[in-house]
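Some notes on the structure that comes next.
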Amino acid sequence: MNGIFTESDMNENCAATAMLVKQRSEKIWALLLPAAVFILFAVLWQLCTINSASLIIPTFTQTMAGLYTLLFVRGDLWLALGQSDQALVLGYLISVLIGVPFGLAMARAKWLEDVAEPYTHMLLAMPTAPLIPLIMMAFGLGLASRVVIVVMFTFIYITINTRAGARNVDKSLIEMAKSFGASEAQIWHRVLIPGAVPAILTGLRIGLGRAINGMVAAELLLVASGIGNLLLEFRAAFEGGLLFATVFAVALQAVVLLAFMRALEQKLAPGVMYDNKSTGVGWAASAE
Amino acid sequence: MTQRNALACAAARPRGVRQPTWLRCSRVFKVEYAVQALSLAGGLILWEILGWMLALPWLPPFSKVLTALVELIRNGEILANLMMSLRSLAVGFIISLVVGLVVGVLMGLYKRVDQAIGIYVNALLFTPHLVFAPIFFALFHLSDWTRIAVIVKYTVFIIIIDTATAVRSADPLLLEMARSFGATKGQIFRRVLLPASTVLLFAGIRLGMGRAVKGMITGEMFIAFVGLGGLVQKYGSQFDASRVLALTLVILIVALVMGAFVQTADRRMTRWAD
């Protein structure tokens, strides 16, 4: 570095600048393209619906205006979301409290896994919705029913992801802990749970997605409260803009919640994304 | 689980000694399957006993459920509605498969396509599916297309994403070699990319089928008019728990059969990969 640039320095410099330019242009593309797709979608939607006589199919602008009204003028979307989300929060917490210990226990005790296997398999393969009428008969039409539905949708996914993670914990670590005289409680606390954390986090994220699905199913298939109520009301009143806006808001809430969970997962267990399809762990378990 | 045992056994067995598959490690298989079968039988017996003892309206004994099932099969209600359900499932799944594979391959091959629609596909994968049912209902009313649209919403995005991942995961060395031997783009796609990604591709298709069955039932329950889901709603509103459970059994069988169907196709097409 004494004022003399060799040819290789020059090349390196050029290469670095080229990289920078390229990176920047990549970033611009990554922003520009999705925006362009969105605008295209909005324009097409507007053009397709602007001359339609249908009362229930709104234009894009009507939908956006509806969203604005619901959020900032009438404000009843907040109320409805709050009401629906009660079942979501309670059901999700219960599912976590059932799913995580159960999954860990299954990974530790082979007999328990074998005994539960037919039922886990069934619960994973089967749609949960047909059980909704039975849950209604058992728990009525109130909050309890909705919470139970969310739990039925959710807990099995948390269980099997936790199981997959705990199974992947190095067996020799457990052996070593045992040979140093660790109790079963210590093995769980010091080896099993720390080792399973990444997979548990994945399970929690997938479980949250399922819980939101369960919440919506309870609203639309069992009894309309909160969001379900709004949807029915707007449909009956031919308020297409408000109807579509409500759907949009529920979808948006789900995307935001799940993005938050993903960020949490990356922060707490960086680098270990269990959606790894080459191992099949976690991903296979997310088979909804 | 069984796979793990099979692997362990395969490792223990000296190489070159080949036995028919069913003989290998038969003891391990037996114990495991026996426990599972016992567990299932125990569950059914417990259900029967609890059903009679507690006499809860929502938990009829298993025998009553079977009686209801036979009755529903005899009067033809199940068959007629099953056909309706399967027809919309087939249409919905085929649409999802075609769209999913085409869009997924495009996303996997071209970075710009991925940048343009990737976030929307991911977002739609994670949004609750059924909440779109009122929109589909507004668009298609009571026609079959409402139910088919729900099935597609459940199915197509997972297929897109897994297909894109599958295409991207093809070994770059293989692609390089094909290119250096002068393969055209079409040849690379057909001869290298497609075979290299079939295993992962089928993972997506399997997940898609599981979701499609769920979408079928849930969509029908929302419309509450036709299909197995419609029947569930009908008897659910009459508080007829035996029939609801009988239908649930049928739905479970449909889900398992569809899963097995995709798995068989998977085995046939990816046999070379084992």
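Note that the protein sequences, when read in sequence, are chains A and B.
Just so you know, we're using our numbering here: the first sequence kicks off at 7 and counts up by one.
Just so you know, we're using our numbering here: the second sequence kicks off at 767 and counts up by one.
C-beta: ideal position from N, C-alpha, C; glycine also.
Just so it is clear, the structure is predicted and the values come from calculations on it, not from any experiment.
Across the structure, A930/B and M128/A are spaced so that their CA atoms are roughly 29 angstroms apart. Proximity to V156/A across L137/A, A170/A, L46/A and T55/A peaks at L137/A, based on C-alpha coordinates. Contact between R241/A and P900/B holds, since their C-beta atoms are separated by about 6 angstroms, short of 8 angstroms. L39, P40, A42, V43, F44, F47, S60 and I62: these are the residues of the stretch 39 to 62 of chain A whose beta carbon lies less than 9 angstroms from some beta carbon of chain B, given in chain order. Counted as a single uninterrupted DSSP element, the stretch harbouring D1006/B is not any alpha helix (DSSP H), since DSSP gives it neither H nor E.
T984/B is classed as buried because its beta carbon has at least 16 other beta carbons within 10 Å across all chains shown. Annotation: the stretch 107 to 186 of chain A contains the following complete segments of the alpha helix (DSSP H) (minimum length 4 residues), in chain order: 116 to 131, 138 to 145, 149 to 173 and 177 to 185.
Note on geometry: alpha-carbon atoms of I180/A and F947/B lie some 51 angstroms from one another.
Using a Cβ-Cβ cut-off of 8 angstroms, I926/B does not count as an interface residue toward chain A, since no Cβ of chain A sits closer than that to its own. Taking the CA atoms as reference points, Q92/A sits about 11 angstroms from L85/A. In this structure, T912/B is the residue among T912/B, V871/B and A969/B with its C-alpha nearest to the C-alpha of S851/B. Judged by pairs of C-beta atoms under 8 angstroms, the stretch 888 to 895 of chain B does not touch the stretch 818 to 837 of chain B, as fewer than three such pairs exist. Between L994/B and N841/B, the gap from beta carbon to beta carbon reaches 8 angstroms or more. Look at L806/B: its C-beta is under 8 angstroms from a C-beta on chain A. Note on geometry: alpha-carbon atoms of R945/B and L875/B lie some 15 angstroms from one another. Setting aside the 5 residues that flank it on each side, F244/A is surrounded in the same chain by L61 and I62, each with a C-beta closer than 8 angstroms to its C-beta; the list follows chain order. Each residue's CA atom was taken as its position, placing L77/A and L1011/B some 41 angstroms apart. For L855/B, the enclosing alpha helix (DSSP H) begins and ends at E843 to L875.
The beta carbon of K951/B sits no closer than 8 angstroms to any beta carbon of chain A. In this structure, the alpha-carbon of A21/A lies about 38 angstroms from that of F47/A. Cβ proximity to chain A below 7 angstroms picks out R878 and Q881 from the stretch 860 to 881 of chain B. I164/A and A217/A have their C-alpha atoms some 11 angstroms from each other.
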